[in-house]
Amino acid sequence: GHPFTDVAGRANSIVDHHEERLDIIRGAAHELPDATVTEYMRILFSERAWGDMAESETYAHLEHLRELGDLTRWTDDGGFARFHPAP
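For the sequence shown, position 3 (counting from the first letter as 1) is numbered -8 according to our numbering, and the numbering increases by one without interruption.
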């Protein structure tokens, strides 16, 4: 991106951005129970950004929320990981 000189400020900005993304997923989890990574990606990213990188970042966010205990994951018969709110 663009050059920056305030490393701490930039790091905080990135953390804030990821927290916003996690909140979006938390909110969507109740609307998309048992959704795939692709379904969540379509909520986090505009259509022009859809693709492998967007899916990878979405998966990382979903796994982070799973580690925090906010989501659970299961694999459907087609081999797709699906996520839903933890009980």
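Glycine included, each C-beta is placed from N, C-alpha and C at the ideal position. All of these numbers come straight from a predicted model, not from anything done at the bench.
* Opening and closing residue of the alpha helix (DSSP H) in which His73 lies -> Numbered from its first residue, the sequence shown carries residue 73 at position 84. That residue, His73, is in no alpha helix (DSSP H); its beta strand (DSSP E) goes Ala70 to Pro74.
* Is the stretch 12 to 30 in contact with the stretch 47 to 59, if contact means three or more CB pairs nearer than 8 Å? -> The answer is yes - the stretch 47 to 59 touches the stretch 12 to 30, with three or more Cβ pairs under 8 Å.
* Asked: Which residues in the same chain as Ala0 place their Cβ atom closer than 7 Å to its Cβ, once the five residues preceding and following it in sequence are excluded?
  -> For the purposes of this step, residue 0 is identified with residue 11 of the sequence shown, where counting begins at 1. Counting only Cβ-Cβ distances below 7 Å, and skipping sequence neighbours, we find nothing.
* Using 8 Å as the limit for Cβ to Cβ distance, is Asp65 near chain B? -> No chain B appears in the structure shown, which is made up of a single protein chain.
* **Extent of the continuous beta strand (DSSP E) run through Thr61** => Position 72 of the sequence shown holds residue 61. Counted as a single uninterrupted DSSP element, the beta strand (DSSP E) harbouring Thr61 occupies residues Leu60 to Thr64.
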